[in-house]
Each structure stands twice: as structure tokens, then as C-alpha cells.
Amino acid sequence: MAKITFSIGGVHPDDAKLSRGCAIEVLPLPQTMYVSMAQHLGAPAKPIVAVGDKVKTGQVIAEPGGFISAFVHSPASGTVKSIGPRKDLAGNNVTHIEIAVEGDEWVEGVDLSDTLVTEIQEDRQAILDRIKACGVVGLGGATFPTHVKLNPAPGSVAECLILNGAECEPYLTSDFRIMLERTKEIVVGAAIMQKVLGGCRTVIGIEENKPEAIEAMKKAVAELPYKIEVLPLKKKYPQGGEKQLIQAVMHREVGSGGLPISVGAVVQNVATSLAVYEAVQKNKPLITNVLTVTGNCLPVEKQHNYLFRIGMPLSYIAEYAGGVPEAAGKLISGGPMMGRAIANLDAATVKGSSSILYLSAESTKRGQESLCIRCGRCSDACPMGLEPFLLHRLYKAGDVDGLEANAAQDCIECGCCLYSCPAYIPLLDRVRQAKGMAMAAIRARAAAKQAAKESKTK
Ligand code: SF4
Ligand code: SF4
Numbered sequence: 000m001a002k003i004t005f006s007i008g009g010v011h012p013d014d015a016k017l018s019r020g021c022a023i024e025v026l027p028l029p030q031t032m033y034v035s036m037a038q039h040l041g042a043p044a045k046p047i048v049a050v051g052d053k054v055k056t057g058q059v060i061a062e063p064g065g066f067i068s069a070f071v072h073s074p075a076s077g078t079v080k081s082i083g084p085r086k087d088l089a090g091n092n093v094t095h096i097e098i099a100v101e102g103d104e105w106v107e108g109v110d111l112s113d114t115l116v117t118e119i120q121e122d123r124q125a126i127l128d129r130i131k132a133c134g135v136v137g138l139g140g141a142t143f144p145t146h147v148k149l150n151p152a153p154g155s156v157a158e159c160l161i162l163n164g165a166e167c168e169p170y171l172t173s174d175f176r177i178m179l180e181r182t183k184e185i186v187v188g189a190a191i192m193q194k195v196l197g198g199c200r201t202v203i204g205i206e207e208n209k210p211e212a213i214e215a216m217k218k219a220v221a222e223l224p225y226k227i228e229v230l231p232l233k234k235k236y237p238q239g240g241e242k243q244l245i246q247a248v249m250h251r252e253v254g255s256g257g258l259p260i261s262v263g264a265v266v267q268n269v270a271t272s273l274a275v276y277e278a279v280q281k282n283k284p285l286i287t288n289v290l291t292v293t294g295n296c297l298p299v300e301k302q303h304n305y306l307f308r309i310g311m312p313l314s315y316i317a318e319y320a321g322g323v324p325e326a327a328g329k330l331i332s333g334g335p336m337m338g339r340a341i342a343n344l345d346a347a348t349v350k351g352s353s354s355i356l357y358l359s360a361e362s363t364k365r366g367q368e369s370l371c372i373r374c375g376r377c378s379d380a381c382p383m384g385l386e387p388f389l390l391h392r393l394y395k396a397g398d399v400d401g402l403e404a405n406a407a408q409d410c411i412e413c414g415c416c417l418y419s420c421p422a423y424i425p426l427l428d429r430v431r432q433a434k435g436m437a438m439a440a441i442r443a444r445a446a447a448k449q450a451a452k453e454s455k456t457k
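Counting along the sequence shown from 1, when you hit position 432 you're at 431 in numbering that gives the first Met the number 0, and nothing is skipped either side.
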């Protein structure tokens with residue numbers, strides 16, 4: 000039987016899951032934590048505490064700054080030491096709340112026990128309110144507020160909820176470990192979201208290179224009273240891309256600029272499902288996640304999967320794990336295909352942090368860029384059906400109309416084109432910039448249209 004996967008493009012990098020055997024370890028609290036106000040897609044959160052305030056673990060310290068935004072909670076108990084700009088991962092200034100940690104005294108009403116709660120008592124609106132109040136955002140990379148995604152606009156119908164357990168990026172193993180260690184909680188989280196979405200078909204998609212996770216999930220689904228399927232997927236990058244998963248599971252294409260709900264799909268990561276479970280069944284806000292410390296220049300005993308709290312500096316975690324290896328030529332947050340280089344190791348972890356990846360200088364050495372030989376490998380590899388060599392050319396010519404006409408805005412920044420190019424053209428960087436140009440043009444046009452509409456109604 001043909002294996003289930005998406006139909007266009009994709010590549011097969013070595014999955015290098017070196018930390019797959021490392022059980023999740025809980026990191027101790029540092030003395031100081033820095034909580035970012037920009038932990039989600041959308042407007043930054045607004046601090047509601049002042050310098051000198053005493054805070055408890057799980058207490059709301061910032062509220063949403065707009066419709067698409069999220070609550071932020073204190074990751075420890077202590078005193079607010081400062082509120083102001085601090086550099087994030089990329090070196091940009093972002094408002095952070097600095098907390099001098101004095102302990103781990105939680106706010107009232109949070110169930111910290113390990114007892115599995117399977118009965119879903121709340122109604123749809125109460126569940127959405129709880130998910131919002133607990134600051135849950137998508138943990139598969141986009142950090143889109145979950146209460147918004149689970150509440151499609153009137154007229155849109157969710158036909159299928161897909162739980163993304165593909166974890167197709169090489170090296171990363173945090174999703175794999177939670178699928179093994181928090182299996183039933185993830186399934187209950189899926190059932191909660193299924194209820195919110197009106198009882199639609201619900202599928203947990205897992206790449207076939209994680210047979211233990213597939214088995215554990217199948218067993219959990221069989222033991223729990225919900226109607227949920229577990230679907231093994233072919234190992235192919237980027238199998239975990241939202242549009243690729245929808246295509247593989249539902250055989251439907253999300254059109255250019257369209258959202259998954261336009262074809263009846265809602266995609267959530269398995270880690271988000273766990274966060275939904277904790278929010279709804281335990282009243283526990285999203286202040287923890289699992290992060291992989293890994294890389295090809297780390298010995299086996301220094302590979303780890305850690306349960307971290309938001310606000311822990313990456314440098315604290317790196318130090319705790321044994322320090323930055325001398326052979327490391329590049330530090331990445333995320334996977335090697337889509338992750339971002341870490342420009343500032345003192346940056347604080349955020350809800351969506353997934354890894355500290357150390358790659359050796361040797362393995363990250365780029366070949367000398369040469370001229371495009373028109374081999375077409377980048378187009379063959381592109382899972383969005385784009386022509387990266389053409390986008391590259393249009394970008395260099397500054398042809399914004401041409402970029403838009405050739406759908407640069409649909410690029411999912413997966414890096415398959417860069418991975419495939421024998422001329423070592425930095426296609427990912429260029430296509431990202433090209434996408435930025437096309438998106439800016441689209442946004443400017445929409446703003447002008449809106450302004451014209453408003454001036455007519457005046
Ligand atoms: S980065 Fe963009 S252009 Fe390149 S393969 Fe991925 S989707 Fe296609
Ligand atoms: S893979 Fe590289 S060399 Fe081949 S067509 Fe694409 S950009 Fe040109």
C-alpha cells in the first residue's frame with residue numbers, strides 16, 4: 000500500500016534523532032527569569048504588574064494586546080525586578096518582565112497532580128475561555144493563539160482536526176518524547192479540541208520513523224472513550240507542514256493565501272494538545288514546554304530533552320547541560336531546516352522554544368555560491384510547487400509584481416530548495432526576503448482598499 004504523504008516535492012534529510020532515547024528531565028529554576036511579552040503571533044502582551052510586585056507561579060502578569068494575542072503568566076514565584084527592553088534570540092529589543100525567583104508557590108486553583116482527568120465537563124465556550132485564560136498558543140512553530148484557531152469564523156466548518164505528531168525536522172525529539180511520556184494527556188487534549196470543533200473527524204499523524212510513538216498513541220486511543228484515529232505517515236520532510244499534512248490526510252489543497260479552515264481543516268501540534276489538556280482539565284497555564292538540547296558535536300550523554308519554564312535564559316539551559324561544545328560552529332533554535340540561528344544565547348526561552356541545536360563548523364560549511372545551472376532541482380523539491388530559481392531571479396531584479404504573480408507569498412520557508420541546490424545559492428534567505436516583499440505589497444494594497452472604503456462611508 001502506498002504510504003500516506005503529500006504529493007509535491009519534499010526531501011529526505013538524515014533524521015539524526017540523537018536524543019530520542021533521552022527521557023524528559025525537569026530543569027531546576029534559575030535565580031532570575033525574563034518573561035517576553037512577544038511569545039505569540041499577533042500583538043505583544045501588555046504587562047499588568049509593576050516593579051516590586053510579588054508574583055506567584057502561574058499568576059497572570061500580562062494580558063493580550065489585541066484580538067490575536069495571548070495572556071502571559073509568571074513561571075515562578077518571586078518579585079518583579081524590572082520591566083523593559085531586552086534582546087531576544089535574534090537580537091531585537093522586546094519588552095520583558097524580569098523576575099527575581101524566590102520559590103515555586105503556585106496560584107490557587109491549579110491541579111498539579113498527575114491524575115489523568117478524562118471526563119470533559121465544560122461546554123464549548125467555557126473550554127475556549129479556559130484555553131484563552133491559560134495563554135495557550137500553537138507550539139508547532141507558529142505560536143498562533145489557540146482559542147482563536149479553535150473558533151473559526153461563522154460559516155466555516157471544521158471537518159477534520161489533524162494533530163501534528165510528524166516532528167519531521169531532523170534532530171528534534173521533544174514531540175516524540177511527550178508522545179511517549181504524556182500520551183493519554185495528548186489524546187484527551189485532542190478530544191477537548193474535537194468537542195470545541197463540533198465533533199469532527201480527528202486524526203493524529205505521526206511519521207513512521209517513530210514506531211514507539213505510533214504504538215503508544217494507538218494503545219492510548221484504544222483505551223480512552225473517544226473517536227480518534229492514529230495515522231502513520233511516510234517519513235518525508237516537510238511532512239509536518241500544515242498544508243502538507245492536510246494534503247496527506249484529507250487530499251485537499253489549501254489555495255494560495257488561504258487558511259486550512261477554507262478546506263475544513265484545523266491543524267494543531269501534539270504539544271499544543273498537551274497544553275490544552277493542562278489548561279482545561281488542570282487549570283494550568285502554559286508556562287512549560289519541552290526543549291531538545293542536541294547536535295552533531297555533542298556526545299550521547301550530553302543530549303537531553305528538558306521540561307523548561309518560559310523565561311529561563313537559553314544560556315542557563317546550555318550551561319546546565321554541560322556548556323556550549325567547543326566544536327560547535329553554529330547554534331540554532333529549532334531544527335536545521337527551518338530553525339533560526341541563535342544570535343544571543345542570553346535570550347529567554349518562550350512558549351514555542353523547541354531546541355538548542357549545536358552543529359559542527361564542518362557540517363555547516365556552505366559551498367561557494369555559483370551561477371544557477373537551471374537544473375530544476377529546487378522546483379522539484381519545493382512542496383508548495385513554487386519555482387525558487389525564478390523567485391530568486393525576480394527578487395534580485397526587485398520585481399515585486401513578478402514575485403506576487405509567482406506566489407512568493409506562499410513559500411512556507413521549509414528550506415527544501417536550499418537543501419537541493421548544487422550551486423549553493425542561499426535560496427532560503429533570498430526566498431524569505433522575496434516573500435517579505437510580496438507580503439508587504441499585498442498588505443499595502445489591502446490597507447489602501449480599507450482606507451478608500453472608510454473614506455467613502457464618511
Ligand atoms: S523555502 Fe519556499 S521556495 Fe524553498 S522549497 Fe520551501 S516553500 Fe519552496
Ligand atoms: S537548484 Fe540551484 S542551480 Fe538548480 S535550478 Fe535551482 S537555483 Fe538553479
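Don't be surprised by glycine CBs; every beta carbon is placed ideally from N, CA and C.
Query - Buried or exposed (CB count within 10 angstroms, at least 16 for buried), D400 - result: Sequence index remark: in the sequence shown, residue 400 carries index 401 (1-based). Exposed.
Query raised in the report: Helix, strand or coil for L273 per DSSP?
Result: Against the sequence shown, residue 273 aligns to sequence position 274. In the three-state reduction of the DSSP assignment, L273 falls in the helix class, which pools H, G and I.
Query - Burial state of Y423, where buried means 16 or more other Cβ atoms lie within 10 Å - result: As a position in the sequence shown, residue 423 is number 424, starting the count at 1. Burial call: exposed.
Query raised in the report: When DSSP labels each residue in this structure, what does I441 get in the three-state scheme?
Result: Working through the sequence shown from its first residue, we reach residue 441 at position 442. Here DSSP, grouped into helix, strand and coil, assigns I441 to helix.
Requested in this report: Specify, as a first and last residue, the run of the beta strand (DSSP E) that M32 falls within.
Outcome: The residue given as residue 32 occupies position 33 in the sequence shown. For M32, the uninterrupted beta strand (DSSP E) segment begins and ends at T31 to S35.
Requested in this report: Would you mind stating whether G64 and A42 have Cβ atoms separated by less than 9 Å?
Outcome: Stepping through the sequence shown from its first residue, residue 64 is reached at position 65. Stepping through the sequence shown from its first residue, residue 42 is reached at position 43. Taking 9 Å as the Cβ cut-off, G64 and A42 qualify as a contacting pair.
Query raised in the report: So, is G414 buried or exposed, given that buried needs 16 or more other C-beta atoms within 10 angstroms?
Result: Along the sequence shown, read from residue 1 onward, the residue named residue 414 stands at position 415. Counting C-beta atoms within 10 angstroms of its own C-beta, G414 has 16 or more neighbours from the protein chains shown and is therefore classed as buried.
**Report entry** Beta-carbon contacts of E386 that lie in its chain and below 6 Å, excluding the five residues immediately before and after
**Finding:** As a working mapping, residue 386 is identified with position 387 in the sequence shown. Only residues of its own chain outside the window of five on either side were considered, and among them S378 have a CB closer than 6 Å to the CB of E386, listed in chain order.
Requested in this report: Locate the beta strand (DSSP E) running through G294, then write down its first and last residues.
Outcome: Start at 1 with the first residue of the sequence shown, and residue 294 comes out as number 295. Bounds of the beta strand (DSSP E) holding G294 are T287 to G294.
Report task. Say yes only if the C-beta of L290 is nearer than 8 Å to one or more non-hydrogen atoms of ligand 2, and no if none qualify. Result -> Counting from one through the sequence shown, the residue named residue 290 turns up at place 291. Within 8 Å of the C-beta of L290 there is not a single heavy atom belonging to ligand 2.
Query - Run of the alpha helix (DSSP H) containing L390, from where it starts to where it stops - result: To locate residue 390, count along the sequence shown from 1; it is residue 391. Per DSSP, L390 belongs to the alpha helix (DSSP H) from P387 to K395.
Requested in this report: Going by DSSP, name the residue or residues bridged to L162.
Outcome: As a position in the sequence shown, residue 162 is number 163, starting the count at 1. For L162, which the question treats as bridged, DSSP gives the partners I203 and Q267.
Report task. Quick one: using the 10 Å Cβ neighbour count with 16 as the cut-off for buried, is K2 buried or exposed? Result -> Reading the sequence shown from its first residue, position 3 is the one you call residue 2. Classified as exposed, K2 has fewer than 16 neighbouring CB atoms from the shown chains inside 10 Å of its CB.
Report task. Pick helix, strand or coil for Y319, following the three-state DSSP scheme. Result -> By 1-based counting over the sequence shown, the position of residue 319 is 320. Correct three-state label for Y319: helix.
Requested in this report: Less than 8 Å between the CB atoms is what I'm expecting for Y33 and A347, so what's the real figure, rounded?
Outcome: Mapped onto the sequence shown, residue 33 falls at position 34. Mapped onto the sequence shown, residue 347 falls at position 348. Under the criterion of beta carbons closer than 8 Å, Y33 and A347 qualify as touching, at roughly 4 Å.
Query raised in the report: So does H303 have its beta carbon nearer than 8 Å to some heavy atom of ligand 2?
Result: One-based indexing of the sequence shown puts residue 303 at position 304. Result no, Cβ not under 8 Å from ligand 2.
Query - Between the CA atoms of K455 and V187 - distance to the nearest angstrom - result: Within the sequence shown, numbered from 1, the residue matching residue 187 stands at position 188. Within the sequence shown, numbered from 1, the residue matching residue 455 stands at position 456. Answer to the nearest angstrom: the Cα atoms are 50 Å apart.
Requested in this report: Under 7 Å from any heavy atom of ligand 2, by CB: list those residues in chain order, please.
Outcome: Sorted by position in the chain, C371, I372, R373, C374, G375, R376, C377, S378, P387, F388, H391, C416, S419, C420, P421, A422, I424 and L426 make up the residues whose C-beta lies under 7 Å from a heavy atom of ligand 2.
Requested in this report: Report the residue ranges of all beta strand (DSSP E) runs contained in full by the segment 60-99; include only those spanning at least 3 residues, in chain order.
Outcome: Correct list: 76-86.
Query raised in the report: Among the residues of its own chain, which have a CB less than 6 Å from the CB of Q193, if the five just before and after it don't count?
Result: Here residue 193 is taken as the residue at index 194 of the sequence shown, counted from 1. Excluding residues within five positions, the ones whose Cβ falls inside 6 Å are L160 and T201.
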